[in-house]
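First up is the structure itself, then whatever we jot down about it.
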RNA sequence: GGAGAGAUGGCAGAGUGGUUGAAUGCGGCAGACUCGAAAUCUGUUUUCCGGUUUACCGGAACGGGGGUUCGAAUCCCUCUCUCUCCGCCA
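This is the structure we're talking about:
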C-alpha cells in the first residue's frame, strides 16, 4: 500500500510513474485525494469536539469532588448535548478511513526509475546471461517428465492418486536430490549471512494481508475454511510477517532471513505445456531469502541478492539469463523485479526459477514494519525477497541438461549432499 | 476437548470509575562524578492520526471488537491468545 502522504505531496510524479505499470486510473487517484481531504476535515472537527468534552468531563470530576452537585449536573447535560454530533462525526470518520483504505489498496506500487514501460513479458529486458553454454543434446534427448519415469525418480501418477494433478511424488534418488538441493541452498544462504528460520507453512489472514496476497491474490492460495488459515504460497509470507508491527533499530538493519518451505499454489487457469511435468505445480519446494533494509540501501541490497542467486545457478552449472521485468509484467507490490530463467535443454525454453524484488515500503506500510532512524524517528523499512531457489524447474533443467543415454549426472557441488554422482 | 485463572509501556509489575499515557523496579539514552570503568546521583525514555511546523497544540490507543457513563486500564458483552489442572497425543 502506498503512503497517502506520498500521493498527496507527489501526485503528478505518482501519476507519471504508475503509468509505467499501465495504471492510468486517475479517477481513482482523485477519489483517493478527495477521500483523504474529507477524512482530515472530519478529524479536525471531531478532535475539537472531543477536546471540549474532555475538558467538561474533567470539570465534572472536580465539581463532584467539591460536592457541587448542581453545577456538575449542569455540565453533564452540556456534555450529553454534544454526544449526538460526536457520534455522528465518529461514524463519519470511521467511514472515511474505511473508504480511503479500500481505495488505497487498489493502487499498485510505484515502479522504480529503472523500470521500462511495457505490456507483457515480451517487453522485458534481458540484462545478463551467464557463460554456461546451452547443452547440445541429441535428438533422442527426453524432457524431464520422461526422464523422471525412465529412472523412476518422480511419479506424477502416484501424486494424482493420493492428491491430484500438480502434486508429484519424489522417489529414491529423486527424493534425495530434493533434499540435497534444499540443504545446499540453505547452507549457501547461511554462508551469505542469512539467518535460517523454519516458519509455519500455514498463516492467518493478517499475514496474507501484510505481504499483499490478500486481497490481491487471495484466489492463488489454498484456504483452510474451518480455521480461516492459508497455506503459504511462498516463505516470503511468514518470513516477512515475522516483523509485522515492529520497530527495528537502524543498527540492526539489514535483517537477513532464509527459510525452506513447501509452497502451495492453486494456479487456477493454467494449462497446456506450462503445467507439464514439473513446470507448474500446486506444491513445490523452495528456499527463500528475505531482507529488511534501510531505504537508502535497498537497491544496493537488491543487486547483492541478484548476484547471490546468480552465484547459485553458476555453481549448479546451469545456463541462465536475468530479466528485468517491464512495468506491465511486474507484480502489484513490486517496485523492481529481476526474474531468473534457466535453459531447459529438452524443452528448448527458458524456465523461471527465481524472482528477486524490492518492494520498497509497499509491504512495510501495510504491515507497519518500521525502523528507528538516526534521529530516533520511526520510518518505514524496505522489504526485499527472492527465491534462492525454487526447486522443480531447477530439477527439470538439471535432469534434461545433464542427461545421457544411461544416466543423469549430478552437478559436482551437489554430490556431497546427494551421496551419489549419477542417477541411473 | 472439559474446568478455572489471566492479558497493562522494551521487560517485570502496580493500578477496580474522575488531571493515569499510566506508580515502582529493571533495561535504554543523555549528563554529573571518574584518568577510564563500576557504583552512585540527576534528567530523559510508547505509538499513530490531525493541526502548526525545528519548539508546540489537539485527538486516539492499557490483547481485538462492541456496550454502559458527563467521564473506563478500571464495569458489562464478545472474540482471540496465554497459563494451570484433567483428558487425548507425534
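In my numbering, the protein residues as written are 52 to 475.
All residues carry an ideal CB built from backbone N, CA and C; glycine is no exception.
In this text, all values refer to a predicted model and were calculated from it rather than measured experimentally.
Return helix, strand or coil for residue i, following the three-state DSSP convention.
i           : result
residue 267 : coil
residue 460 : strand
residue 182 : coil
residue 469 : helix
residue 10  : Any question about residue 10 goes unanswered here, given that the chain covers just 52 to 475.
residue 360 : helix
residue 280 : strand
residue 206 : strand
residue 309 : strand
residue 38  : In the structure as shown, the chain starts at 52 and stops at 475, and residue 38 therefore has no counterpart that could be examined.
residue 420 : strand
residue 176 : strand
residue 411 : strand
residue 400 : strand
residue 233 : helix
residue 161 : coil
residue 167 : coil
residue 454 : strand
residue 228 : helix
residue 353 : helix
residue 54  : coil
residue 72  : coil
residue 119 : coil
residue 187 : coil
residue 212 : helix
residue 138 : helix
residue 130 : helix
Between which residues of its own chain and residue i is the CB-CB distance below 6 Å, once the five residues before and five after are set aside?
i           : result
residue 110 : 126
residue 98  : none
residue 241 : 247
residue 261 : 292, 295, 417 and 418
residue 364 : 371
residue 53  : 158
residue 357 : 389 and 407
Based on the DSSP output, what are the partners of residue i in its beta bridges?
i           : result
residue 441 : 337
residue 391 : 373 and 405
residue 220 : 206
residue 343 : 306 and 434
residue 254 : 281
residue 300 : 423
residue 429 : 423
residue 83  : Paired residues: none, contrary to the question.
residue 275 : 280
residue 315 : 334
residue 474 : 459
Assuming residue i and residue j form a contact by the criterion Cβ under 8 Å, report the distance between their Cβ atoms to the nearest whole angstrom.
i           : j           : result
residue 298 : residue 429 : 6 Å
residue 410 : residue 439 : With a Cβ gap of about 17 Å, residue 410 and residue 439 do not count as contacting.
residue 252 : residue 290 : 11 Å between Cβ atoms; not a contact.
residue 501 : residue 114 : The displayed coordinates of the chain run from 52 to 475. Any statement about residue 501 would go beyond what the structure contains.
residue 406 : residue 434 : The pair is not a contact, with the Cβ atoms about 14 Å apart (cut-off 8 Å).
residue 369 : residue 338 : 16 Å between Cβ atoms; not a contact.
residue 90  : residue 132 : That pair is no contact at about 26 Å.
residue 336 : residue 233 : 6 Å
residue 302 : residue 315 : About 37 Å separates the two Cβ atoms, so there is no contact after all.
For residue i, I'd like the list of residues in its chain whose CB is within less than 8 Å of its CB, leaving aside the five on either flank, ordered along the chain.
i           : result
residue 305 : 342, 343, 344, 345, 348 and 352
residue 79  : 154, 157 and 158
residue 459 : 198, 202, 449, 450, 453, 473, 474 and 475
residue 379 : 72, 73, 168, 169, 170, 171 and 174
residue 404 : 364, 371, 391, 392, 393, 438, 440, 441, 444, 445 and 448
residue 163 : 350, 386, 387, 409 and 411
residue 244 : 307
Using a Cβ-Cβ cutoff of less than 7 Å, which residues in the same chain neighbour residue i once the five nearest sequence positions on both sides are dropped?
i           : result
residue 210 : 218, 219 and 220
residue 150 : 86
residue 483 : A question about residue 483 goes unanswered here, because the residues of the chain that appear run from 52 up to 475.
residue 469 : 227, 228, 231 and 461
residue 265 : 256 and 259
residue 323 : none
residue 376 : 175, 388 and 390
residue 249 : 310
residue 68  : 161 and 162
Measuring from the CB of residue i, is there a heavy atom of the ligand MG at a distance below 7 Å?
i           : result
residue 143 : Within the structure as shown, the ligand MG is missing, as the structure has no ligands at all.
- Could you tell me whether the stretch 105-124 touches the stretch 54-64, where touching means 3 or more Cβ pairs closer than 8 Å? By the Cβ rule, the stretch 105-124 does not count as touching the stretch 54-64, because fewer than three pairs are nearer than 8 Å.
- Should the stretch 452-471 be regarded as contacting the stretch 286-303, the criterion being three or more beta carbon pairs within less than 8 Å? Cβ pair count under 8 Å is below three, so no.
- Query: Do the stretch 77-97 and the stretch 167-186 touch if we need at least three Cβ pairs shorter than 8 Å?
  - Reply: No: the two stretches stay apart, fewer than three of their Cβ pairs being nearer than 8 Å.
- Message: Pairs of beta-carbons, one from the stretch 323-337 and one from the stretch 178-197, closer than 8 Å: are there three or more?
- Response: Segments in contact, yes.
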